[in-house]
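Undergrad: Positions in the sequence shown are counted from 1; adding 721 to them yields the working numbering.
For reference, the structure I am asking about is given below.
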Amino acid sequence: MPSSCKEIRAELAECILKSNCVLVDGLSPKECLRSENEYRVPSECTAIKRSFFECKRGMLDMRTRFRGNKS
């Protein structure tokens, strides 16, 4: 995984661990990331999750693979 995706992944993990989904509801971070629990996660974490998805998708896209991920 490129270094740009590692930073986004760490930011996502930190955001999820600080959310009410984990702290108050007692769910695991993996359960909080599922679509049925999306309403329990703050919109900030959802935006970071989307950025992480785009970064990982960029690794598979041949055009972006040669140019590199946008930071």
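C-beta atoms are modelled at their ideal positions from N, C-alpha and C, and glycine is treated no differently.
This structure is a prediction, so every number in the text was calculated from the model and none was measured.
Less than 8 Å between the beta carbons of V762 and I729, yes or no?
TA: no
Undergrad: What is the residue span of the alpha helix (DSSP H) that N758 lies within?
TA: That residue, N758, is in no alpha helix (DSSP H); it is neither H nor E in DSSP.
Undergrad: Taking all protein chains shown into account, do 16 or more other C-beta atoms lie within 10 angstroms of the C-beta of L748, making it buried, or fewer, making it exposed?
TA: buried
Undergrad: Going by other Cβ atoms of all chains shown within 10 Å of its Cβ, with 16 needed for buried, is L733 buried or exposed?
TA: buried
Undergrad: Determine the direct distance from the alpha carbon of P750 to that of C742, and round the result to whole angstroms.
TA: 8 Å
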